[in-house]
Amino acid sequence: MTDVAGEYGERAGGRARGGLDPVRAELDALLAQTVETVRERSRAFWQHYEADRDPARLAAWFVPRCWREIDYVFMLGEVVRRYGLEFERRHITALSRQLLDEAEHYDTVARIVERLGGRVPVAPPPSAVEWSRFLWESLERHRLGAIAAWNMSETAATGTLEAIVEAGRRYDLPDVVRAYEQIIKDEKFHIGLGRLLLDRYCENDADRDEVMRAMRGMAAITVDSHVAIDPGP
Ligand SMILES: [Fe+2]
Ligand SMILES: [Fe+2]
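Once you know that position 35 of the sequence shown is 929 in this note's numbering, the rest is easy, because the numbers rise by one and skip nothing.
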């Protein structure tokens, strides 16, 4: 993750200020452990699908994923509106680029849901309610709160993405392969950007406390929410 942040930072001409240094080891351990837990737990879904290829259940797997994409759009817009002018202009641009990516992800995942006969969520499905509430609460508390919480959530989600592409190949779901190959690529940028912003704008212990609060809280939520299925509206 540090590499991705570094890579993005170089590309954007940015220089991280190392605001995460005092908590970096703890944070990296928490991120790595959460990714592994989510990766391990998401296997159960595909094992079940191997035995019973039910399109409705597959649609339900994508419904909370679909919701998270559009909720990111709303949150990114709100972070830019509320806190954007405290950031460098190029960081407003980068967050806005992420917003467009998330809107495209919502559309592509929504098409998968529809093709499988499911209904596209227009409100948080049950498994995403706590996730969404925590993110919005983190956004209210601190300018880095939502960025930290969604950085944990997006990092944890990487534990499911490769398995989705593999399953798409195995079960001949070309739209799933296409969508998630693009999502994997975009997530590298999003995760790197989030880390860069946290490193750049964490200025003191109070900031670090808020970031760690958001990261820990989200880590606990994602291990359930990222492996959940929801039938949708
Ligand atoms: Fe996304
Ligand atoms: Fe993302």
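C-beta atoms are modelled at their ideal positions from N, C-alpha and C, and glycine is treated no differently. Remember, predicted model here, so these are calculated numbers, not experimental data.
Check: My understanding is that Ala1043 touches Leu1029, with C-beta atoms under 8 Å, so please give their C-beta distance in whole angstroms.; Outcome: 5 Å
Check: Can you tell me whether Asn1098 is helix, strand or coil according to DSSP?; Outcome: coil
Check: Under a three-way DSSP split, which group does Tyr943 fall into?; Outcome: helix
Check: Would you kindly work out how many angstroms separate the C-alpha atoms of Ala854 and Arg959, rounded to a whole number?; Outcome: No statement about residue 854 is possible, as the shown extent of the chain runs from 895 to 1127 and does not include it.
Check: Less than 6 Å between the CB of His942 and some heavy atom of ligand 2, yes or no?; Outcome: no
Check: Is any heavy atom in ligand 2 found nearer than 6 Å to the beta carbon of Glu1048?; Outcome: yes
Check: Is there at least one non-hydrogen atom of ligand 1 closer than 6 Å to the beta-carbon of Glu996?; Outcome: yes
Check: Throw me the rounded Cβ distance for the Val1121 and Arg935 pair, which I believe falls under 8 Å.; Outcome: 4 Å
Check: Does the beta-carbon distance from Gly971 to Ile1041 come in below 7 Å?; Outcome: no
Check: Check whether the Cβ atoms of Val1007 and Ala919 lie closer than 7 Å to each other.; Outcome: no
Check: Express the C-alpha separation of Ile1078 and Thr928 in angstroms, rounding to a whole number.; Outcome: 18 Å
Check: In terms of residues, what are the limits of the alpha helix (DSSP H) holding Ala997?; Outcome: 983 to 1009
Check: Would you check whether ligand 2 has a heavy atom nearer than 6 Å to the C-beta of Glu1081?; Outcome: yes
Check: Going by other Cβ atoms of all chains shown within 10 Å of its Cβ, with 16 needed for buried, is Leu1091 buried or exposed?; Outcome: buried
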